[in-house]
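Numbered by numbering that gives the first Met the number 0, the letters in the sequence shown go through residues 0 to 313 in order. Every residue, glycine too, gets a C-beta built ideally from N, C-alpha and C.
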Amino acid sequence: MATNSKEIRRRIKSTQSIAKITKAMELVSAAKMRKAQLAAQASRPYATLSAELLQNIAARTGQINHPLMRQVVNGKPSDRFRALAIVITSDKGLAGSLNTNIINKTIELVKIVRNEFRVFKSGNDELDRVHTAVGVTEFITIGKKATEAIRRFKDAKIIATFPGKDKVITSADSKPIAEIAMKEFAAAVYEKVFVIYPQFISTLVQKPNILQLLPFESAERRGVRDEGREFLFEPSPGEVLENLITRAVEFSIYQTLAEAAASEHSARMVAMRNANEAAGELIDDLSLSYNQARQGGITRELSEISAAKLAMEG
């Protein structure tokens, strides 16, 4: 630790300036956090109801023949298992481990998809050997941090990028993402589509989560309980399904974006509060060191004066 009084005083002023910035960022994040949390919590019942409604329709229509709910079976046996991962992070940092946890969850999904082996025999191979093709994951990135991280993955392919969503989410934010995912899945380019996002649990807890977006899972698979509610359908359940499932996919992405926004502002508020508290502790330590150095200098000067006086008297 520096013992020079001027150096310590300079460090105190520098730390005080940083503390002012972190305090301002904490207050801004706190204001945004409250709005984002309310938006995420308010939309959850709609996400739950849409999954429950799909389950009810499925029970009434029997076998569902819809391109967004059926398992894709590619015609070419040599095709690899392909998955599309929509990865949601923030544009900015200073949010603790939030973005790092999402990237780690993405790596986890990539490893899972790689284990989706495709075994086939090549008709052009004279030896008729069995070939194995591992599964591959391609990406849609939302947020600068996701784009930067995934570009460092080996052989990573990003088919679309979107800016981070740090404001109140609207349907205009989720619709273009949903359109790409549904179009590619319906065309059998991908066999599964996932969303990797931070799920908002509380101000202090944000959980990285993987949601299978397509094929659209049943309510049971999504953790939605059947509460035994009955629905009357007009027009028929099949016609309702045609309109509902597209909206359900769009709303699923909307919900993950809302959860991500609430998580980001919560994580940043907590990180800035911790930084502000750490700055206060550092200022206290530096102030103590400054006072000790100053006291030591005064004591030394008094000793020199006393010694000089004794020398003159002697």
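Coarse secondary structure for residue i, derived from DSSP in three states
| i | result |
| --- | --- |
| TYR196 | strand |
| VAL109 | helix |
| PRO175 | helix |
| ASN3 | coil |
| GLU137 | strand |
| ASN273 | helix |
| PHE161 | strand |
| PRO214 | coil |
| ASN73 | Low local confidence applies: a pLDDT of 46 at ASN73 is under 50, so the model's placement there is unreliable, and no value is given. |
| LYS34 | helix |
| LEU83 | strand |
| PRO207 | strand |
| LYS191 | strand |
| GLY95 | coil |
| GLY142 | coil |
| PRO66 | coil |
| VAL167 | coil |
| ALA186 | coil |
Classification of residue i by the beta-carbon crowding that lies within 10 angstroms, buried from 16 upward
| i | result |
| --- | --- |
| ILE304 | exposed |
| PRO207 | buried |
| TYR45 | exposed |
| MET181 | buried |
| ALA310 | exposed |
| VAL239 | buried |
| GLN205 | buried |
| SER96 | exposed |
| THR21 | buried |
| LYS31 | buried |
| ASN3 | exposed |
| ASN98 | buried |
| GLU25 | buried |
| ASP172 | buried |
| GLU300 | exposed |
| ALA218 | Bear in mind that the predicted position of ALA218 carries a pLDDT of just 49, short of 50, making it too unreliable to give a figure here. |
Proximal residues to residue i (C-beta, below 7 Å), its chain only, five neighbours per side dropped
| i | result |
| --- | --- |
| LEU281 | THR14 |
| GLU258 | ALA39, TYR196, PRO197, GLN198, PHE199 |
| GLU348 | With the chain covering 0 to 313 only, the question about residue 348 has no answer from this structure. |
| LYS34 | VAL167 |
| ALA278 | THR14, ILE17, ALA18, THR21 |
| GLU115 | PHE80, GLY134 |
| SER28 | HIS264, ARG267, MET268, MET271 |
| LEU203 | VAL269 |
| LYS153 | none |
| ARG293 | SER4 |
Cβ neighbours of residue i in the same chain (closer than 6 Å, five flanking residues each side left out)
| i | result |
| --- | --- |
| VAL194 | ILE85, LEU210, LEU212, THR255 |
| ARG10 | LEU285 |
| ASN100 | PRO207 |
| ALA145 | VAL86, THR88 |
Proximal residues to residue i (C-beta, below 8 Å), its chain only, five neighbours per side dropped
| i | result |
| --- | --- |
| ILE158 | LEU83, GLU137, PHE138, ILE139, ILE179, GLU183 |
| ASP90 | GLY142, LYS143, LYS144, PRO162, GLY163, ASP165 |
| ARG43 | GLN254 |
| ARG8 | TYR289 |
When the Cβ atoms of the segment 178-186 are set against those of the segment 260-274, are three or more pairs found closer than 8 Å?
A contact is defined here as three or more CB-CB pairs under 8 Å, and the segment 178-186 fails this definition with respect to the segment 260-274.
Meets three-Cβ-pair contact criterion under 8 Å: the segment 95-113 and the segment 162-181
Because the criterion of three Cβ pairs below 8 Å is not met, the segment 95-113 and the segment 162-181 do not touch.
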